[in-house]
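In terms of our numbering, the sequence shown has 334 at position 85, counting the first letter as 1, and numbering is strictly consecutive.
In this text, a Cβ means the ideal position worked out from N, Cα and C, and glycines have one as well.
What follows is one structure encoded as structure tokens, with my remarks underneath.
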Amino acid sequence: MLIEEANSYSLFAKQTLLNVYLDKKTIEKPGKEVLNHYLEHINPHCLIILRAPQIPIKQLQWLANHDNVLIVQAFPLTAAALQSWIASELKHRSIHHDSAIPALIHQYTQGNMLACAQIIEKLALIYEENNVLTSQHVIPHLTDQCDYQLYELADACLAAQIEKAVHLLRQACHNRQEPTLILWLITQEIRQMIQLLHKIKQSIPFTMACSQLNIWPQRARLYQAASTRFSLDKLYQLLHLSKQLDEQIKSNQNNQIWHGLEYLAILFCSSTN
Numbered sequence: 250m251l252i253e254e255a256n257s258y259s260l261f262a263k264q265t266l267l268n269v270y271l272d273k274k275t276i277e278k279p280g281k282e283v284l285n286h287y288l289e290h291i292n293p294h295c296l297i298i299l300r301a302p303q304i305p306i307k308q309l310q311w312l313a314n315h316d317n318v319l320i321v322q323a324f325p326l327t328a329a330a331l332q333s334w335i336a337s338e339l340k341h342r343s344i345h346h347d348s349a350i351p352a353l354i355h356q357y358t359q360g361n362m363l364a365c366a367q368i369i370e371k372l373a374l375i376y377e378e379n380n381v382l383t384s385q386h387v388i389p390h391l392t393d394q395c396d397y398q399l400y401e402l403a404d405a406c407l408a409a410q411i412e413k414a415v416h417l418l419r420q421a422c423h424n425r426q427e428p429t430l431i432l433w434l435i436t437q438e439i440r441q442m443i444q445l446l447h448k449i450k451q452s453i454p455f456t457m458a459c460s461q462l463n464i465w466p467q468r469a470r471l472y473q474a475a476s477t478r479f480s481l482d483k484l485y486q487l488l489h490l491s492k493q494l495d496e497q498i499k500s501n502q503n504n505q506i507w508h509g510l511e512y513l514a515i516l517f518c519s520s521t522n
């Protein structure tokens, strides 16, 4: 499908941009063969952006030798960094505001920096000089424009961010995402936590345990914090619930599956020893 899209030609444009999101932890052999074949017969009029947040940079080195490939490693901005950027943009436009405004704008535009910038531009147009921008001024101009990636659901559950996890699930439901994929993502994290706790109980140092489980250093803090909230009994209960939801999906009796996924995510966020 990707190669067909890359080699297709538009009647209305000379250049094509394909923005592809790969939500896997590795590129398997068939995928590598397809990419290598395309790179040998590349369409010069097509640019492919392949985003693979789950794949370690070391696993992409086989692509680095191709002249037509550029590998860029980038990390998402934290909520604090984005709010700091919003505050600096407001200051740059000489907009005086309550201290809560950057967090409020961020709340409605998480993961969507373009929407965030557009809101700031809009506020600059309506702002009256020497006034102080308050929540009452801003809220009428805000709509939910958050753009989460599915992998963020795992991070939200590990970080016990119930509101974000539920928000992400409802957005996924609205966008008609496949519930089987959502369940798989959550179940993977539950299994990972079970393996991690078993290693900790075996007195394996946390850093070594993360290395053995291929947990990235950037995510180790999430797992370390989560490991203090969970017991193995609780995790096995979550795994059992995941199995029930999987059976519900396979039986086609999935009218309430999104409620079940929300319930699982909330339990994952709130579980304590």
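Rounded to a whole number of angstroms, what is the C-alpha to C-alpha distance between residue i and residue j?
{"i": "Asn292", "j": "Ala255", "result": "7 Å"}
{"i": "His447", "j": "Thr456", "result": "14 Å"}
{"i": "Gln467", "j": "Gln441", "result": "16 Å"}
{"i": "Ala373", "j": "Tyr287", "result": "46 Å"}
{"i": "Trp334", "j": "Gln451", "result": "44 Å"}
Check the C-beta distance from residue i over to residue j and give it rounded, since I have them as a contact under 8 Å.
{"i": "Pro428", "j": "Ile506", "result": "5 Å"}
{"i": "Val318", "j": "Leu312", "result": "5 Å"}
{"i": "Ile304", "j": "Thr275", "result": "6 Å"}
Would DSSP call residue i helix, strand or coil?
{"i": "Thr429", "result": "helix"}
{"i": "Arg300", "result": "strand"}
{"i": "Tyr485", "result": "helix"}
{"i": "Leu284", "result": "helix"}
{"i": "Tyr376", "result": "coil"}
{"i": "Thr383", "result": "coil"}
{"i": "Leu418", "result": "helix"}
{"i": "His355", "result": "helix"}
{"i": "Tyr397", "result": "coil"}
{"i": "His290", "result": "coil"}
{"i": "Leu267", "result": "strand"}
{"i": "His315", "result": "coil"}
At least one CB of chain B closer than 8 Å to the CB of residue i: is that the case?
{"i": "Ala403", "result": "Protein chains in the displayed structure number just one, and chain B is not present."}
- At what residue ranges does the segment 436-512 contain a whole run of the alpha helix (DSSP H), taking only runs of 4 or more? 455-461, 466-476, 481-499
- Message: Taking 8 Å as the cut-off, does the segment 392-407 touch the segment 354-365 (at least 3 CB pairs, one atom from each stretch)?
- Response: yes
- Message: Under 8 Å: do the segment 373-384 and the segment 409-420 share three or more Cβ pairs, one atom per stretch?
- Response: no
- Message: Does the segment 491-501 come into contact with the segment 452-469, if we say contact requires no fewer than three beta-carbon pairs (one atom in each stretch) closer than 8 Å?
- Response: Segments in contact, no.
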